[in-house]
Each structure stands twice: as C-alpha cells, then as structure tokens.
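Input: a single structure, listed below in structure tokens.
In the numbering used here, the protein residues as written are 246 to 346.
Put into structure tokens, the structure is as follows:
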C-alpha cells in the first residue's frame, strides 16, 4: 500500500547581495520557518521566545551554512530565572525566487 506524499511547504530563496555568485536554495520545514521569521523581524531580530521555537540555535546554524549572515546578540534577562538568551538578526538581503515569504 502506498501513501500519498505530503505536499512540502517550501520556499526557494537566494542571497540578493550575491546574485551572480550564489545559487537559489530550497528551504522547507523549520529552516523555512526560521528564515521567514528573521526576514519579517528585520533589525529587531528573533529570540527563542519570540516567536517560540525550540531549536533556534540549530536553525540559525543551518542557515549560516547556506551562507546567510545572521548575528547572535546576547541579552541578559531577570525574572524568576535570570540569565541570558540570544537574539538572532538577519543581515543578508534575501530574494524570494519561488514560494511565499
């Protein structure tokens, strides 16, 4: 018995600052989700709590592997569980080749 393949929610993007040298990249799943959130957030960036995502550091690691420039800003916080967290800021200009952003 064969099952129908699920439609993949994907996006095809390319770094706008390097259109001549970079090839389009197809992202899906959480990599797509993370890049879209970073694009929407602009210079405000994203934290693991805004929007919530359990493995932001891994998504950013993978996106950096594709050549995207993403800065990690360390921020301290107080409250019942004081400490620090990361804010990720996308510095690459991204062009959407195919799909929604």
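The beta-carbon is built from N, C-alpha and C at its ideal position, and this holds for glycine as well.
Exercise. Given 8 Å as the limit, is there contact between the segment 273-281 and the segment 316-326, that is, 3 or more CB pairs closer than that?
Worked result: no
Exercise. If we count the other Cβ atoms within 10 Å of its Cβ and call it buried at 16 or more, is residue 266 buried or exposed?
Worked result: exposed
Problem set entry | residue 283, DSSP secondary structure in three states | helix
For this session: Thinking residue 257 and residue 338 are a contact (beta carbons under 8 Å), I'd like their distance in whole angstroms, please.
Result: About 16 Å; that fails the 8 Å criterion.
Exercise. Between residue 300 and the rest of its own chain, which residues show a CB-CB distance below 8 Å, the 5 nearest in sequence each way excluded?
Worked result: 275
Exercise. Of all Cβ atoms in chain D, is any one closer than 8 Å to the Cβ of residue 291?
Worked result: Of the chains in the structure shown, none is chain D; there is only one protein chain.
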